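J.: Pasting a structure below so you can have a look.
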Amino acid sequence: MKENGDIMVSPSIRGGRSLRLKLKNITASTKMKHQCPRCGKKSVRRKSTGIWQCRSCGFTFAGGAYAPSTPIGTVVRRLVADIAKRSSTKASSSV
Ligand SMILES: [Zn+2]
6 MKENGDIMVS PSIRGGRSLR LKLKNITAST KMKHQCPRCG KKSVRRKSTG IWQCRSCGFT
66 FAGGAYAPST PIGTVVRRLV ADIAKRSSTK ASSSV
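Here the sequence shown stands for residues 6 to 100, where the numbers follow this note's numbering.
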């Protein structure tokens, strides 16, 4: 089966200059080395879409498709932490 749902980086993308510029930034971000959340070294590289691996400590984690952590990911993480905090304090009384 072919992956048709994936957004592929192609030069034939339509949408104007701004989109292409954005795409350029995204591509640069995927090729850049990122900081490892575990050892802190800048040796995290993209393994595949959404999968990132630290070449220093071997830590593999799921992140954004084009960067280890996305602004949306940060918000989601904060939200999840907030829900977890809330559910842990209300767990005994709400059941
Ligand atoms: Zn690491």
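The C-beta atom is built at its ideal place from N, Cα and C for all residues, glycine as well.
As the structure is a prediction and not an experimental result, all values here were calculated from the model.
Report all residues from its chain with a CB closer than 8 angstroms to the CB of Cys-44; omit the five preceding and five following residues, and keep chain order.
T.: By the criterion of a C-beta distance shorter than 8 angstroms, Cys-44 is surrounded in its chain by Cys-59, Ser-61, Cys-62, Phe-64, once the five residues flanking it on both sides are discounted.
J.: Per DSSP, what kind of secondary structure is Ser-53 in: helix, strand or coil?
T.: DSSP places Ser-53 within a strand segment (E or B) once states are collapsed to three.
J.: Quick one: what does DSSP say Ala-72 is sitting in, helix, strand or coil?
T.: Under the three-state reduction of DSSP output, Ala-72 falls in the coil class, being neither helix nor strand.
J.: To which residues does DSSP link Ala-67 through a beta bridge?
T.: Ile-56
J.: Report the rounded CA-to-CA distance for Val-49 versus Thr-94, giving the unit in angstroms.
T.: 36 angstroms
J.: What do you reckon, are the CB atoms on Lys-38 and Lys-47 nearer than 9 angstroms?
T.: yes
J.: Between Ala-86 and Ser-92, what straight-line distance do the alpha-carbon atoms span, to the nearest angstrom?
T.: 10 angstroms
J.: What residues come near ligand 3, if near means a beta carbon less than 5 angstroms from any of its heavy atoms?
T.: For the structure depicted, ligand 3 is absent and the ligand set comprises only ligand 1.
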